[in-house]
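A.B. asks:
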Amino acid sequence: MEIVIATRNEGKLQEIKELIKGLQVEVLSLKDIPEVPVVREGGSSFRENALMKAEVIASFTKKVSIADDSGLAVDFLKGEPGVYSARFAGEDANDGENNKELLRRLEGVPISKRGATFRCVIAVVTPEGKKDIAEGECRGIIQFEEKGEFGFGYDPLFFVPEYRRTFAELSPEIKNKISHRAKAMEKLRVVLKEYLKTEKTSVEKG
Ligand code: IMP
C-alpha cells in the first residue's frame with residue numbers, strides 16, 4: 015500500500031517514517047508530488063485542520079493520505095495559542111517571537127498556574143473517504159525563561175516534570191518517546207495495521 019504524508023517538512027517526514035517502519039507501506043511525501051494544492055490551516059481545531067489537509071491530499075492523489083496538526087494549549091490562556099501556535103506573535107512570526115509573546119502573556123502568573131498541554135492530531139483519509147483520527151497529548155509547565163538548545167517551537171519553555179527538563183533540554187531520542195506527536199503516532203501505527211489487514215483480505219477475496 016502506498017501512503018502520502020501531507021508534509022514538506024523533512025524532520026516530520028523522518029519521524030513518521032521511523033514510526034511506521036516494519037509496516038508494508040511505501041511512503042511518499044508532498045515533495046514527491048509537487049503539483050498538489052497548498053492547504054491553508056484555517057480551521058478552529060487541530061482535528062479540523064488535520065482532516066481538511068488529509069482529505070484534500072487523498073482526493074487529489076487517490077492514495078491513503080496522512081496529515082497532522084499540533085500546537086500548545088496553555089491553561090491560564092484558556093487553551094491559547096492552540097491552532098494559532100505557529101503564528102501567536104503574528105502571521106510571519108518565528109519561534110523566538112512566539113516564545114517571547116507567550117512569556118509576555120504569562121507575566122506575573124505563578125508556577126502553579128502555568129500548566130500547558132502539547133496536542134497532536136493525525137488524520138488518515140482513504141481515497142474512498144474513510145477517515146480515522148489518532149491523538150496524543152503531553153503535559154508540562156511553561157517556564158519563566160527559555161532553556162535548552164534542542165527541538166523547535168515552544169520546546170525551550172515547556173518543562174516536563176517527570177524529567178525535570180524542558181523539551182529543548184531533552185535529547186531528540188527521549189522527546190520522540192514521550193511527546194504528543196510520538197503518542198499520536200503510536201496510535202496511527204495501530205490504525206495503519208488495520209488498513210493493511212483489510213487491504214490484504216479484500217485482495218485475497220479478489
Ligand atoms: P504544525 O503542527 O507543524 O502546524 O505546528 C504548529 C506549531 O505548534 C509549531 O509551529 C510550534 O510552534 C508548535 N508545536 C507543535 N509541536 C511542537 C513541539 O513538539 N515542540 C514545540 N512546539 C511545537
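Sequence positions in the sequence shown follow this note's numbering and run 15 to 220. Ideal Cβ positions, reconstructed from N, Cα and C, are used throughout, including at glycine. Model, not experiment: these values are computed from the prediction.
1. With 16 as the cutoff for other CB atoms within 10 Å, does P51 come out buried or exposed?
2. Here's the rule I'm using: 16 or more other beta-carbon atoms within 10 Å means buried, otherwise exposed. How should Q38 be labelled?
3. Quick check on DSSP: helix, strand or coil for A103?
4. Assuming the contact rule is C-beta atoms closer than 8 Å, G165 and K189 should be a hit. Round their C-beta distance to whole Å, please.
5. I need the straight-line Cα distance from D46 to K67, nearest angstrom please.
6. Please state whether the Cβ-Cβ distance between I147 and I80 is less than 8 Å.
7. Per the contact definition of three or more C-beta pairs closer than 8 Å, is the region 180-187 in contact with the region 111-119?
8. A100 and K114 - do their beta-carbons sit closer together than 8 Å?
9. Mind checking who R133 pairs with in its DSSP beta bridge?
10. Could you spell out where the beta strand (DSSP E) holding V41 opens and where it closes?
11. Around the C-beta of K76, are 16 or more other C-beta atoms found within 10 angstroms, so that it is buried, or is it exposed?
C.D. replies: Based on what the coordinates show:
1. exposed
2. exposed
3. coil
4. 6 Å
5. 16 Å
6. no
7. no
8. no
9. G85, E151
10. 40-43
11. exposed
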